[in-house]
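Okay, structure first, notes after.
In my numbering, the protein residues as written are 187 to 727.
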């Protein structure tokens with residue numbers, strides 16, 4: 187009789203995947219350029235333009251997708267990614283959209299024209315992907331001492347990385363979390379806290395003014411150089427609005443595209459994850475959109491981040507965790523595009539390291555450290571180590587590596603790209619769309635006198651212009667024309683007229699004419715044209 191066999195022990199659980207911390211696994215500047223050129227050569231539906239070059243003589247690439255059949259009459263939209271160079275995930279998402287549109291069919295083929303700028307700040311992006319600081323342009327005197335870029339971050343301890351430095355001081359604004367001393371927490375209130383420290387970038391007092399890392403290398407911030415609420419006395423904002431080649435070419439492009447209906451900015455700010463409620467009126471200092479326009483941001487946000495079903499008990503996938511918005515910077519492109527040009531403007535920060543789970547009293551920082559411990563085995567956080575700083579005495583050097591808090595593991599880029607590709611495909615159906623409805627022609631006598639009644643309706647999702655544009659009047663109104671055969675006369679009404687705006691979802695304007703048309707003539711034609719809604723034609727039989 188065979189001996190009884192011991193039951194097999196269950197296999198040990200597999201350890202969590204060791205994910206790749208950025209910038210590893212991301213496109214660098216050369217590989218991005220090479221892929222764009224290859225797509226341009228291989229797929230005819232991609233038009234690749236090279237906008238004005240930067241101070242480093244790098245072109246800003248623009249990918250355009252349009253159907254030749256509809257290009258002259260259909261509306262346009264624009265996606266702009268990575269204005270400061272330190273959001274490579276934004277560039278990756280933009281490239282995923284470009285790949286999808288170039289290699290396969292899309293709703294955009296027959297709806298409108300889509301422009302995509304995958305890197306709006308190529309100089310800073312190239313430096314970031316080479317392991318340097320996200321700098322661009324000519325030096326700026328941040329500390330106003332007459333010297334340029336003389337005191338920036340530097341590798342104090344010689345470990346090959348420029349990280350963070352904890353400098354103990356009773357007046358410090360930070361302290362180490364008692365449960366996880368790796369976490370730096372802000373001091374609340376004005377009372378001194380034992381063990382407090384200043385948290386700053388690793389570096390020296392290279393100019394001898396007893397300040398540290400106050401004049402780092404680099405020039406003007408592109409996303410602080412636009413006219414709306416431009417911060418005049420901020421060195422990083424530039425000597426005047428649009429002083430930089432990157433901001434100037436973007437502004438010129440937006441101003442030249444009269445058919446633009448909306449802009450999607452992929453960078454550090456976000457108005458989709460937690461859409462603003464909006465305000466009932468705006469002035470020259472406004473930062474929040476009008477309530478009517480905020481409703482569309484809410485609808486788009488719900489598409490990008492759909493609510494989970496109530497009976498779905500699964501934990502949310504951290505790849506789809508809503509990102510945190512960076513602080514709303516003055517002089518940024520998104521505010522200028524909305525408040526000055528009246529364009530619907532979406533902003534997405536795409537990804538922020540999840541801060542979920544842990545104890546009830548866990549902080550955001552400790553939650554993110556726990557998440558990093560599980561998913562990153564290396565490259566994301568350098569443990570603090572003591573260092574004798576020749577100028578500050580005993581300090582600690584370590585902390586988060588650049589990029590990891592706002593750019594996901596390389597293994598998640600594909601899924602994120604698919605998510606945004608679907609979102610952008612859905613936006614193609616949202617344009618305003620004109621249609622003639624309830625058209626009636628009534629003969630009034632036997633001499634060709636006709637009464638014509640009709641409604642011009644907007645059957646699309648969006649209004650023909652934003653509520654903000656109704657105030658700025660930056661776009662042409664809807665042009666309406668009654669085209670009559672030769673020898674006709676308009677007795678009542680105007681052969682050509684304008685409608686300022688039509689709401690989405692069926693907003694309509696009643697129109698009426700009385701005309702005299704010679705017997706045997708061709709049929710009159712109703713025609714309407716709107717830069718953001720296309721054309722509508724109706725032949726009166």
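Beta carbons: idealized from backbone N, C-alpha and C, even for Gly. Predicted model, so just to flag it, every value in this text is computed and none were measured.
Item: Would residue 672 be called buried (16 or more neighbouring beta carbons within 10 Å of its own) or exposed?; Value: exposed
Item: Going by C-alpha distance, which of 391, 299 and 653 is nearest residue 254?; Value: 299
Item: Apply the 10 Å Cβ neighbour rule to residue 292 and answer buried if 16 or more other Cβ atoms are within range, or exposed otherwise.; Value: buried
Item: Would DSSP call residue 598 helix, strand or coil?; Value: helix
Item: DSSP puts residue 312 in a beta bridge; with which residues?; Value: In the DSSP output, where bridge partners are listed per residue, residue 312 has none listed.
Item: Helix, strand or coil for residue 205? Go by DSSP, reduced to three states.; Value: coil
Item: Within its chain, find whatever has a CB closer than 8 Å to the CB of residue 466; leave out the 5 residues flanking it on each side and keep chain order.; Value: 476 and 477
Item: Buried or exposed, going by whether 16 or more other CB atoms sit within 10 Å of the CB of residue 436?; Value: buried
Item: Under three-state DSSP, which class holds residue 554?; Value: helix
Item: If we call anything under 8 Å between Cβ atoms a contact, is residue 728 one with residue 261?; Value: The question about residue 728 has no answer, for the chain in this structure spans 187 to 727.
Item: Are the region 377-392 and the region 436-447 touching by the rule of at least three beta carbon pairs closer than 8 Å?; Value: no
Item: Which residues share a DSSP beta bridge with residue 413?; Value: Residue 413 is not bridged to any residue.
Item: Going by the CB atoms, is the gap between residue 531 and residue 520 shorter than 8 Å?; Value: yes
Item: Under a Cβ-count criterion, where at least 16 other Cβ atoms within 10 Å of its own Cβ denotes burial, should residue 217 be classed as buried or exposed?; Value: exposed
Item: How would you write the range of the beta strand (DSSP E) that residue 370 sits in, first residue to last?; Value: 370-372
Item: Rounded to the nearest angstrom, what separates residue 274 and residue 452 at their Cα positions?; Value: 10 Å
Item: Going along the chain, which unbroken runs of the beta strand (DSSP E) with 3 or more residues stay wholly within the region 261-309?; Value: 262-267 and 299-303
Item: Whole angstroms is fine: what's the gap from residue 405's alpha carbon to residue 645's?; Value: 47 Å
Item: Residue 571 by DSSP, collapsed to three states: which one?; Value: strand
Item: Report the start-end ranges of each beta strand (DSSP E) in the region 648-689 that is 3 residues or longer and not cut off at the edges.; Value: 664-669, 675-678 and 682-685
Item: Taking a contact to mean a Cβ-Cβ separation below 8 Å, would you say residue 716 touches residue 618 in this structure?; Value: yes
Item: Buried or exposed: where does residue 324 fall if 16 or more other Cβ atoms within 10 Å of its Cβ makes it buried?; Value: exposed
Item: Round the Cβ separation of residue 589 and residue 538 to the nearest angstrom and send it over; I've been treating them as touching at under 8 Å.; Value: Going by Cβ atoms, the distance from residue 589 to residue 538 rounds to 12 Å, so no, they are not a contact pair.
Item: So the candidates are 540, 725 and 288; which of them puts its Cα closest to the Cα of residue 553?; Value: 540
Item: Hey, would you say residue 535 sits closer than 8 Å to residue 432, going by beta carbons?; Value: no
Item: Enumerate, from N- to C-terminal direction, the unbroken beta strand (DSSP E) stretches of 3 or more residues contained entirely within the region 432-457.; Value: 446-452
Item: Taking the CB atoms as reference points, tell me whether residue 685 and residue 700 lie closer together than 8 Å.; Value: no
Item: Leaving out five residues on either side along the sequence, give the residues of the same chain with a beta carbon under 6 Å from the beta carbon of residue 450.; Value: 265 and 532
Item: From the DSSP output, which residues share a beta bridge with residue 644?; Value: 620 and 693
Item: Among 362, 567, 443 and 318, which one has its Cα closest to the Cα of residue 660?; Value: 443
Item: What did DSSP end up calling residue 735 once you bin it into helix, strand or coil?; Value: Limits of the chain in this structure are 187 at one end and 727 at the other, which puts residue 735 out of reach.
Item: Here's the rule: buried if 16 or more other CB atoms are within 10 angstroms of the residue's CB, otherwise exposed. What is residue 720?; Value: buried
Item: Counting beta carbon pairs with one atom in the region 380-387 and one in the region 352-367, are three or more of them shorter than 8 Å?; Value: yes
Item: Buried or exposed: which applies to residue 344, given that a residue is buried once 16 or more other Cβ atoms fall within 10 Å of its Cβ?; Value: exposed
Item: By DSSP, does residue 537 sit in helix, in strand, or in coil?; Value: coil
Item: Going by DSSP, what residues sit across from residue 627 in a beta bridge?; Value: 638
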